[in-house]
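Residue numbers (full-length UniProt numbering), protein chains in the order written: chain A, 1 to 491; chain B, 1 to 491.
Written out as structure tokens, the structure is:
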């Protein structure tokens, strides 16, 4: 007799109920269906009106053939195979590797030992020094303390660590933007904390208004929520806005007045497409530049960065860091303890953090090729962002704010009552219904707006603009055709 | 005015209280002190009677200069730098790399794409197929389902995922051995689940007795604990015992009768030092060989493995997997969902899982060097294990069970009342006091038995036997001298 599922010790009724509440749309139902189609196409099965699945649901540039930075990979491969650095091989190896890649690998290995060894749980000290120096240079000379920097396996794991720390009990609340990146809502659901939503204003380019923040925290506290922290994603995900220095200053003052820890998700800090009018300013710099000493010393800030985004795009390595400013030293000890339970972040991610924060400099052998590669990727991303934005804005009933930063567009789509009814019949949100239809018609996989949160009765989807440039026109026209067919079908 | 620590929003009184309860001795106070000394020695500061710190607190072989497996590193470095696989470079590259390393890298990259791209959240399908094939071969032909295998960032993260799933509420209990690897107690503390202790019997080589398991589960249930799962570490950590097939069968029957999910930590499965009398048998094989079909289909088993241990020792890459057997399909969906929130395990860890599970075969270019490297490391580990065991057993008041497996010895030390009193004065457990004294006298860092749990009023410490063989005699005599001095000082 086979044991029926309901009789299992661990089943859907006995599992940790918080886990059941977790939703993560970026890799949800639609992404699973996309994988099925991809597998069908590989096997030559199924009938589809397209020959490939295009994954625009996730910022995964190298999956869509973005070329990795040559210097980074050269150094990483030398660290992986230190036999190449042996004297007897150097003549051959010098024909394959530039001199600065060899020197950098030697320097890294001197401080790391072996990439196969656990490092310090907080990350290799030498690499944390590199990060501190990077932050100092980025922020106009404000010092950064390497002992307050933690290397992580991607920004996500750092965010999870901090949210876990902040969850004192079931009344603990964390302010998150709507729309938001669902890592936040998923993690809060897992820890049983209260998401305290604040809305970004689509009509003014997804701007962030202090009045809206104040209203949100006040109302949550009135309802008994112990609001502890504010999450800001800048540049925005999924919304792409890039905040001004003035806005950052207001936000910091708000955190001081409301006694909120500031969690700054700054993983898109180099994905800036309007650098003259909207340059990236870090919250660390804005804090250090704040006119009030009480604010500068009072606001607890944790800033997250990653090797997965920007022009680096090394998602698969899982690397990142967070910097803590004004955190209680006992809290830092607890963060260290929790890092030590997971032993250490993987060394390949750590190495890439070092390289991202300290790339080839003027005069070094790889400088020119490095700069060209970065520039090529950057300009292409900017071109594609503008092109896709135009496509969306020309589509009937669609409006799309421009991406000042990040890797995404988040257009609003007007959907008819017929769509709403058809979606309800299938138990889907209207935007999920629309996105499923897009996948089945074009092979393009996006994420429905309901996965990020949106103003009631508005519908959106998030799409990356990462498909390769030589396929981009075809990609755009596929979406245009789908949209117009979809409208006709649902008049 | 500087804001005092007690005024911080996030401080030791407002932090998640479960985090405060977490203890992780492997990287606790003693390890932090060892880091201080190491840093002093590097800077030429401080006065110590030794010139290096020897980290025996953690199974981190490559930190102590264990050589990585050449073939593994060759393939990994080619995957990292795919330019080396370009036609124009192959002539040069063939002088540096054997043909099978090149072929393997090509195969892996074909299925992975780029190591810089997020993979399937469960791990690259091709690599999961490799794992399934490995399990099948290891377990005498019993099939393994790749769709029930999850690649992870080291075994630890897999264990944490499962313990999180199993924690339905604060009454949920998980059976763990005493002594245990503190990942388990730390994780249960973090999730607020109840550790249900069962004792291993030191007098019979840390054997595992069903009567003891039964007593433990019965008593916990009487006290209202909802005992859900049994953790077995085999080979044992810190205890080194290797269970017989007969014992495994009894344990499985026990889980069936008591309705317990079986979590099998089998990361030391190739660290087997008495293979004739105590070969490693996996729980998966024991389950599939169980005479009762109801048991075979009824017992829910999750087995964990890692690239960090064995002769591979690639700790710093953070790679591993777990295989689920008889798990409810809805539970598998939830595991997948939680994996997707962390996006994917790092690709360098995944690649090493592939290589560990499918090493060079007879007739392939790297087979001979691979086998020799594995054999050399294995025999050296076995020699060192026996040598250190002998040293411990010759020390006054010390008795040490032999390591049938794993990387550790866990000797019992008789400590005088004078030690107990001196330790109490410093607020330390007697074994922590002893271990601190050892570190200060010799530079050898071990872990006090109280970090793993031990029978009341017995004192132990855990030491790896990983110091390099040419330094091993010196390492041993340092400990002997310390111990004899310590006894004299505390008569």
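Built from N, CA and C at the ideal position, the CB exists for glycine as well.
The C-beta of residue 186 of chain A comes closer than 8 Å to at least one C-beta of chain B.
Non-local beta-carbon contacts of residue 127 of chain B in its own chain, meaning distances under 7 Å to residues more than five positions away in sequence, involve 151, 350, 353 and 354 in chain order. A straight-line Cα-Cα distance of about 32 Å links residue 104 of chain B and residue 50 of chain A. About 4 Å separates the Cβ atoms of residue 115 of chain B and residue 347 of chain B, confirming a contact at the 8 Å cut-off. Under the DSSP definition of a beta bridge, residue 198 of chain A partners with A:177.
For residue 80 of chain B, a Cβ of chain A is located within less than 8 Å of the residue's own Cβ.
Going by DSSP, residue 322 of chain A is part of the beta strand (DSSP E) stretching over 320-325.
Judged by beta-carbon spacing, residue 235 of chain A lies beyond the 8 Å limit of residue 200 of chain A, meaning their Cβ atoms are not closer than that value. For residue 464 of chain B, there is no enclosing alpha helix (DSSP H); the residue is part of the beta strand (DSSP E) that begins and ends at 461-464. As the crow flies, the alpha-carbon of residue 212 of chain A is around 7 Å from that of residue 198 of chain A.
The distance from the Cβ of residue 467 of chain A to that of residue 64 of chain A is about 6 Å, consistent with a contact at the 8 Å cut-off.
When DSSP reads this structure, residue 437 of chain A sits in no beta bridge, so it has no partner. Under the three-state reduction of DSSP, residue 103 of chain A is assigned to helix. The continuous stretches of alpha helix (DSSP H) do not include residue 272 of chain B, and DSSP gives it neither H nor E.
Counting only the Cα atoms, residue 478 of chain B lies some 11 Å from residue 485 of chain B. Secondary structure at residue 143 of chain A: coil, using DSSP grouped into helix, strand and coil.
Taken atom to atom, the span from the alpha-carbon of residue 193 of chain A to that of residue 167 of chain A is near 6 Å.
The beta carbon of residue 138 of chain B lies closer than 7 Å to those of 282 in the same chain, with the five residues before and after it left out.
The C-beta distance from residue 132 of chain A to residue 144 of chain A rounds to 4 Å, short enough to fall under 8 Å. Closer than 8 Å to the CB of residue 129 of chain A there is not a single CB belonging to chain B. Counting only residues of its own chain and dropping the five nearest sequence neighbours on each side, residue 396 of chain A has a CB closer than 8 Å to the CB of 483, 484 and 487. Residue nearest to residue 387 of chain B within the set B:453, B:340 and B:273 is B:273 (criterion: CA-CA distance). In this structure, the straight-line span from the alpha carbon of residue 22 of chain B to that of residue 338 of chain A is close to 8 Å. At least one C-beta of chain B is nearer than 8 Å to the C-beta of residue 121 of chain A. Residue pairing from DSSP places residue 233 of chain A in a beta bridge opposite A:265. What residue 17 of chain A touches in chain B, judged by beta-carbon distance under 9 Å, is 168 and 169, going in chain order. The criterion of a C-beta distance shorter than 8 Å is satisfied by residue 24 of chain A and residue 186 of chain A. For residue 93 of chain B, the enclosing alpha helix (DSSP H) covers residues 90-96. A distance below 7 Å between beta-carbons, with the five flanking residues on each side excluded, links residue 343 of chain A to the following residues of its chain, in chain order: 118 and 121. Bounds of the beta strand (DSSP E) holding residue 305 of chain A are 301-306.
For residue 328 of chain B, at least one C-beta of chain A is nearer than 8 Å to its own C-beta. For residue 115 of chain B, the closest Cβ of chain A is nearer than 8 Å.
The DSSP-derived three-state label of residue 351 of chain B is helix. The DSSP-derived three-state label of residue 172 of chain A is strand.
Those residues of the segment 342-367 of chain B placed with their C-beta closer than 8 Å to a C-beta in chain A are 342, 343, 344, 345, 346, 347, 348 and 349, ordered along the chain. Flagged as an interface residue toward chain B: residue 259 of chain A, by a C-beta distance shorter than 8 Å.
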